[in-house]
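Sequential numbering of the sequence shown, starting at 678, is according to the numbering used here.
A virtual CB, placed ideally from N, CA and C, is assigned to each residue, including glycine.
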Amino acid sequence: YAHTSIDRTLESSIDPKYGRTIRRAAAKTRTRDHLQALAKLTHVVDGRRRLISDPPLLVPIDELVGESEARRYEQQMSALLDAYEASLPHARRVLVRRFEYAAGARQVVGVGSVGTRVWVVLLWGRDENDPLLMQVKEAQRSVLEPYLGPGDYANAGERVVVGQRLIQASSDILLGWLHAVGPDGHEADYYVRQLRDWKGSAHVEAMRPAMLADYGRACGHVLARAHARTGDRVAIASYLGKGDGADSALTRFAEKYAKQNKRDYAALGEAVASHRVAAQVEK
Numbered sequence: 678y679a680h681t682s683i684d685r686t687l688e689s690s691i692d693p694k695y696g697r698t699i700r701r702a703a704a705k706t707r708t709r710d711h712l713q714a715l716a717k718l719t720h721v722v723d724g725r726r727r728l729i730s731d732p733p734l735l736v737p738i739d740e741l742v743g744e745s746e747a748r749r750y751e752q753q754m755s756a757l758l759d760a761y762e763a764s765l766p767h768a769r770r771v772l773v774r775r776f777e778y779a780a781g782a783r784q785v786v787g788v789g790s791v792g793t794r795v796w797v798v799l800l801w802g803r804d805e806n807d808p809l810l811m812q813v814k815e816a817q818r819s820v821l822e823p824y825l826g827p828g829d830y831a832n833a834g835e836r837v838v839v840g841q842r843l844i845q846a847s848s849d850i851l852l853g854w855l856h857a858v859g860p861d862g863h864e865a866d867y868y869v870r871q872l873r874d875w876k877g878s879a880h881v882e883a884m885r886p887a888m889l890a891d892y893g894r895a896c897g898h899v900l901a902r903a904h905a906r907t908g909d910r911v912a913i914a915s916y917l918g919k920g921d922g923a924d925s926a927l928t929r930f931a932e933k934y935a936k937q938n939k940r941d942y943a944a945l946g947e948a949v950a951s952h953r954v955a956a957q958v959e960k
């Protein structure tokens, strides 16, 4: 039952001076749901709501493969939704069955997803006033497989979903997976989630030392809980011990990685400046 609540954290350990700032950020994050995404990523054309065209960040399937091929793909969506639905707990399947496919688009997201396919899928429930925006993200094999061999899951999307359910105190209730051939012909494993489900991030570069320390403690608590749920918590605690050896090692690693991150960013900036790499700032 252990979990980290923003409100509880504010009451217990965060410096009151920063409480107002954090509460504002938390309130903003709670508005980041699929309805907000719907307002940003769709518009009304000829009386119907459609996904916008904002290449290369968002490209509707009609533009990507042509209208006739897009209509053909729509006919396959029922089977794909059934495959996704089968990955959900029974209570969630009832919810998903109320929706049907309306439109889709290819999406370009953050640097962590470079080289993978990401799709935005718009679903209608009762009508266009009952929308649901989902993100279908390619799941690749684990980076540990070359060293540890294949894992327990035939579908890489299932591996990602099971991992998230294990480590997160509260995960997306519609988190699922499927194997599919995308509109562009690329066959892959995917995991499916709601697009923007109260997801937010902290601007650590703007934090003062005291606030950064509080934030670090909160992150440490979340990571410790995830390790305790998924690993041998007794063995982990014994390995870490009561001294500061592990703390010092983690600090040294963080400092070295921060320097590496600066070098990587400088290399990217130089590549953009010399036009070897095209870049676009995310809106």
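For the region 764–809, the full-length beta strand (DSSP E) segments reaching 3 residues or more read 777–784, 795–801 along the chain. In this structure, 844 is the residue among 776, 782, 844 with its C-alpha nearest to the C-alpha of residue 904.
Bridge partners of residue 853 according to DSSP: 869.
Straight-line spacing of the CA atoms in residue 772 and residue 809 works out to 11 Å. In chain order, 815 place their CB closer than 6 Å to the CB of residue 793, counting only its own chain and leaving out the 5 sequence neighbours on each side.
Between residue 818 and residue 831, the C-beta spacing is not below 8 Å. For residue 886, the enclosing alpha helix (DSSP H) covers residues 886–907. Under the Cβ criterion (8 Å, minimum of three pairs), the region 758–766 does not count as touching the region 732–749. The three-state reading of DSSP puts residue 742 in helix, counting H, G and I together. In the three-state reduction of the DSSP assignment, residue 731 falls in the strand class. Between the region 774–789 and the region 887–902, the count of C-beta pairs closer than 8 Å stays below three; the two stretches do not touch. Remark: C-beta atoms of residue 813 and residue 869 approach each other more closely than 8 Å. In the DSSP assignment, residue 838 falls outside any beta strand (DSSP E) and lies within the alpha helix (DSSP H) extending over 833–844. Just so you know, the alpha carbons of residue 909 and residue 918 end up roughly 14 Å apart. Around the beta carbon of residue 739, 16 or more other beta carbons lie within 10 angstroms, which makes this residue buried. Note on geometry: alpha-carbon atoms of residue 846 and residue 839 lie some 13 Å from one another.
In the structure shown, residue 953 falls within a coil segment according to DSSP collapsed to helix, strand and coil. Minimum Cα-Cα distance from residue 853 among the listed residues 878, 945, 906, 835 corresponds to 835.
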